[in-house]
Amino acid sequence: MFFLKLLSIISIFSICTILGHYYGQKYALRFENLVALEQCIKILETEIVYGATPLPEALSNVYKKGKPRVSYIFEEIKRDLVANKRSFVYDSFLEIAGELYKSLYFKKEDVEIVLSLGRVLGSSDRDDQSKIFKLVLKQIGAQIEEAKVEKNQNEKLYRNLGVITGIGIIILLI
Numbered sequence: 001m002f003f004l005k006l007l008s009i010i011s012i013f014s015i016c017t018i019l020g021h022y023y024g025q026k027y028a029l030r031f032e033n034l035v036a037l038e039q040c041i042k043i044l045e046t047e048i049v050y051g052a053t054p055l056p057e058a059l060s061n062v063y064k065k066g067k068p069r070v071s072y073i074f075e076e077i078k079r080d081l082v083a084n085k086r087s088f089v090y091d092s093f094l095e096i097a098g099e100l101y102k103s104l105y106f107k108k109e110d111v112e113i114v115l116s117l118g119r120v121l122g123s124s125d126r127d128d129q130s131k132i133f134k135l136v137l138k139q140i141g142a143q144i145e146e147a148k149v150e151k152n153q154n155e156k157l158y159r160n161l162g163v164i165t166g167i168g169i170i171i172l173l174i
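Residues in the sequence shown are numbered from 1 upward in steps of one, following this note's numbering.
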């Protein structure tokens, strides 16, 4: 009987702690992914504005040069753009919007920034695109700052909350 109680206590505490770490990790991952996205967009800006690289090739180069945690979305955009012979790049960006929420833990505001980039890519000249890249990078910078604040506030909170919840449940069961 004692062994069963001990096993239950350890299981409850472990599960609550793991859940706390999982929810806390979301904030850290969003922050890291936004930083990686900023790097990828800077690479894309260099390819398009300064290198005059065609968009599908530029998207592939971002995939190769960027951090894999985020850069794979640019390869997905390229594949969708080429495979479906889309005339608007924005449609390909819309296809990956769900992936941004699910895998990268982006908020609606983050996804809107990425989609705003998709609206103008390939539909304006390099000078206009340069201005848009600067605006998008500025917006992402603001989102990174917000994510950093949220990470600092909530990551530790959720981790501690998981541990405390586990201890609270154990006390109630004893």
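Ideal Cβ positions, reconstructed from N, Cα and C, are used throughout, including at glycine.
Would you call the CB atoms of residue i and residue j closer than 8 angstroms?
i: K67; j: Q25; result: no
i: T53; j: G162; result: no
i: A36; j: K151; result: no
i: F13; j: G168; result: no
i: R69; j: N33; result: yes
i: I140; j: I41; result: yes
Measuring alpha carbon to alpha carbon, tell me which of the options ends up nearest residue i.
i: K64; options: E155, D127, L172 and I43; result: I43
i: G118; options: F74, I174 and V70; result: F74
i: K138; options: Q153, D110 and K156; result: D110
i: L83; options: Q153, P56 and I9; result: It should be noted that the sequence gives Ala, not Leu, for residue 83. Residue P56 is the option with its Cα nearest to A83.
i: Q143; options: I170, G122, I113 and Q153; result: I113
i: E45; options: M1, H21, E145 and I132; result: I132
i: L104; options: S130, I10, S71 and V120; result: S71
Given residue i, which residues of its chain have a CB within under 6 angstroms of its CB, disregarding the five upstream and five downstream residues?
i: F106; result: L100
i: I15; result: none
i: E155; result: G24, Y27 and A28
i: V120; result: I132
Which residues in the same chain have their Cβ closer than 7 angstroms to the Cβ of residue i, if we skip the five residues on either side of it in sequence?
i: K77; result: Per the sequence shown, the amino acid found at residue 77 is Ile instead of Lys. The answer, listed in chain order, is L59, S92, F93 and I96.
i: L19; result: G162
i: L81; result: P56, V89 and S92
Which whole-angstrom value describes the C-beta separation of residue i and residue j, a residue pair presumed to lie in contact below a C-beta threshold of 8 angstroms?
i: S116; j: V136; result: 7 angstroms
i: F31; j: K148; result: 6 angstroms
Grab me the residues of residue i's own chain with a C-beta within less than 8 angstroms of its C-beta, minus the 5 sequence neighbours each way, in chain order.
i: R126; result: I48, V49 and A52
i: S8; result: L173
i: L157; result: G24
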